[in-house]
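Remarks on the structure that follows.
2 protein chains.
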Amino acid sequence: MQTKIAIIGYGNIGRAVEQAVLASEDMQLTGIYHHNDNFDHIDADVVALCTPTREVPGFAEQMLQRGICTVDSFDIHGQIYDLRAKLMPLAKQHQAVSIISAGWDPGSDSVIRALLMAMAPKGITYTNFGPGRSMGHTVVVKAIAGVKDALSMTIPLGTSIHRRMVYVELEDGADFKTVEQAILHDDYFVHDETHVVQVPSVDALNNVAHGVNLVRSGVSGDTHNQRFEFNMEINNPALTGQVLVSCARAAVRLQREGRPGAYTMIEIPPIYMLPGDEEQLIRGLV
Amino acid sequence: MQTKIAIIGYGNIGRAVEQAVLASEDMQLTGIYHHNDNFDHIDADVVALCTPTREVPGFAEQMLQRGICTVDSFDIHGQIYDLRAKLMPLAKQHQAVSIISAGWDPGSDSVIRALLMAMAPKGITYTNFGPGRSMGHTVVVKAIAGVKDALSMTIPLGTSIHRRMVYVELEDGADFKTVEQAILHDDYFVHDETHVVQVPSVDALNNVAHGVNLVRSGVSGDTHNQRFEFNMEINNPALTGQVLVSCARAAVRLQREGRPGAYTMIEIPPIYMLPGDEEQLIRGLV
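Which chain is which? The protein sequence lines are A and B, in order.
Residues in the first sequence are numbered from 6 upward in steps of one, following our numbering.
Residues in the second sequence are numbered from 6 upward in steps of one, following our numbering.
Structure (structure tokens):
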């Protein structure tokens, strides 16, 4: 029996979820909705919420109230636990499952960080992002007067320190020095090494490539200098969409097992994200 | 309340488990047993089985029958699913949990492989081991006539292909060429590039360093060239001992939740391996 999945929000992530569903034999796509559509006749076991992150909590509540599972890639790190706490009673009341912050960071990187903590409990983990586009920083620059289009790239410098490379395309008559100072003094940029570069076309630079370099040196038992590193170089929305679909599978399984609630990815067994026969998976992966 | 943990088997791994327990505030070491001890008065929530791998199934059965959880690092890849199937009914009958094959491979590498499969379902994962000592290959060489001591190092050549560097210390009067031919024609070595080197002292070379380079290039949705890499350079028994202790914590939690059974590491939520407050863990790791 295929899992029925619907998508709310059809931007980069929504489209990537669609592709990942079409590539999954155990999934059936039953609808694609825009954020202001009517959901009265939605027919799905699970809904992938691909709206802007701030709209995620409201849609999650709407779906959970109907007993429909949800997955999202809510990415405001400081508010993830609070979202989980908010959705938990609703999910339990309606016997549904919500897997939140299912992407790569938060998401699969979180799983790696938890695993490395279990392998070497003492030590420091550095998460170095990029090179890749920061959506949050890009939005801030686009809002500055005189900016026609912008791109803020995150460049990893190691030990979780990042450089911001900001590319701006100016409106006619805008003054570059004024725009540059506005960026350099914005709260989003003031703590990081930031370079602002004027370009004739931001569109010509756009690229959804991203990556991470996650490093831990730690202590197992009383043995120091245990060294771990995780690297990836990926198409950002394609990975996020795939993780959402894999977590949709896990959400439905948890619901069927009678374990409703709101979960982050470090709270779910990795095998629940995978399709196919349990024996074959264990024989092939363990 | 501390978790009471006992150790059976006190070699490299048993000693590493002891160190990891002593470094864990939520754990209390209640006994260290040798394989032929009497277990009538064992007082533990969970026992770490640190015996040779072939003795693990028997001890796991003995402990599960008493309702005591077990963790082991059973490492015969082709028999892991069968061990899980064998222990499953016993664990359920006695309301206990057994987490099997909890080390780094099988173990944490298995979790990484499962996670990468969820992130890019199509593609090839290569697991490249070493440089580090292969216990299995070393034992085979030690059994050859004329060999006083031996060390077989596994050297990664990429794409899961490995070179064997075999260091032998000969008994007086033994012929190197004869020993070398016996090694090169043994089933353990015949499929790999193997070099045999005579040394005056194998003990002078011993080192428990090991490592892995795990690589996947795969497809997320319909997007190819998603690239992932996990590297580690570690003290081998220290890591295995730490993973056993982290999984002991998970075993007791699963038992307390009323979810008895036999599990591999890809079937348990990563957060179950970690001590401390759930909210702090989620806020810190996700």
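In this text, a Cβ means the ideal position worked out from N, Cα and C, and glycines have one as well.
- By the rule that beta-carbons nearer than 9 Å mark a contact, G19 of chain A does not touch chain B.
- Here I239 of chain A is buried. Its C-beta has 16 or more other C-beta atoms within 10 Å.
- Within the stretch 248 to 285 of chain B, the runs of beta strand (DSSP E) at least 3 residues long that lie entirely inside it are, in chain order, 266 to 268.
- T143 of chain B: member of the alpha helix (DSSP H) spanning M140 to K147, first to last residue.
- Counting along the chain, I129 of chain B sits inside no alpha helix (DSSP H); it lies in the beta strand (DSSP E) bounded by residues K127 to F134.
- Just measuring C-alpha positions, the residue of A:P111, A:A243, A:V291 and A:E234 sitting nearest H229 of chain B is A:A243.
- Using a CB distance below 7 Å, the part of the stretch 198 to 229 of chain B facing chain A consists of S225, G226, D227 and T228, ordered along the chain.
- The Cβ of T269 of chain B sits closer than 9 Å to at least one Cβ of chain A.
- Secondary structure note for M93 of chain B: its alpha helix (DSSP H) is the uninterrupted segment I85 to Q98.
- Under the Cβ criterion of 9 Å, G246 of chain B is counted among the residues facing chain A.
- H99 of chain A is positioned such that its CB atom lies closer than 9 Å to that of G72 of chain A.
- Taking 9 Å as the threshold, the shortest C-beta distance from M278 of chain B to chain A falls below it.
- Listed by position along chain A, the residues whose Cβ is nearer than 8 Å to that of E30 of chain B form an empty set, because the closest Cβ is around 10 Å away.
- M237 of chain B belongs to the set of residues whose beta carbon lies under 9 Å from a beta carbon in chain A.
- Legend: CB atoms of the stretch 149 to 170 of chain A lying less than 7 Å from CB atoms of chain B are not found in any residue.
- At a cut-off of 9 Å between beta carbons, Y86 of chain B contacts chain A.
- In the three-state reduction of the DSSP assignment, S113 of chain B falls in the helix class, which pools H, G and I.
- For E238 of chain B, the enclosing beta strand (DSSP E) has its first and last residue at T228 to N240.
- Counting other Cβ atoms within 10 Å of its Cβ, N211 of chain B stays below 16 and is therefore classed as exposed.
- Closest in C-alpha terms to G36 of chain B, from the list B:G16, B:A21, B:P57 and B:I12, comes B:I12.
- Judged by DSSP in its simplified three-state form, D154 of chain B adopts strand.
- CA-CA distance, V220 of chain A to E272 of chain A, rounds to 22 Å.
- Take the alpha-carbon of L259 of chain B and the one of M278 of chain A: they are about 19 Å apart.
- Secondary structure at V22 of chain B: helix, using DSSP grouped into helix, strand and coil.
- At a beta-carbon threshold of 7 Å, the residues of chain A lying near S251 of chain B are A123, ordered along the chain.
- At the C-beta level, N218 of chain B and E234 of chain B come within 9 Å of one another.
- Counting of Cβ neighbours within 10 angstroms places I166 of chain B among the exposed residues, the total staying below 16.
- Around R232 of chain B, the beta-carbon contacts reaching into chain A at under 9 Å are G216, N236, M237, E238 and I239.
- Within 7 Å of the CB of A25 of chain B, the CB atoms of chain A belong to S225 and G226, in sequence order along the chain.
- The stretch 245 to 253 of chain A and the stretch 22 to 29 of chain A touch, with three or more beta-carbon pairs separated by less than 8 Å.
- Going by C-alpha positions, D80 of chain A is about 21 Å away from P94 of chain A.
- Secondary structure note for L69 of chain B: its alpha helix (DSSP H) is the uninterrupted segment V61 to Q70.
- Listed along the chain, the chain A residues whose CB falls inside 9 Å of the CB of R258 of chain B amount to none; the nearest CB is some 12 Å away.
- For A53 of chain B, the enclosing beta strand (DSSP E) has its first and last residue at V51 to L54.
- In the DSSP assignment, L189 of chain A falls within the unbroken alpha helix (DSSP H) covering F181 to L189.
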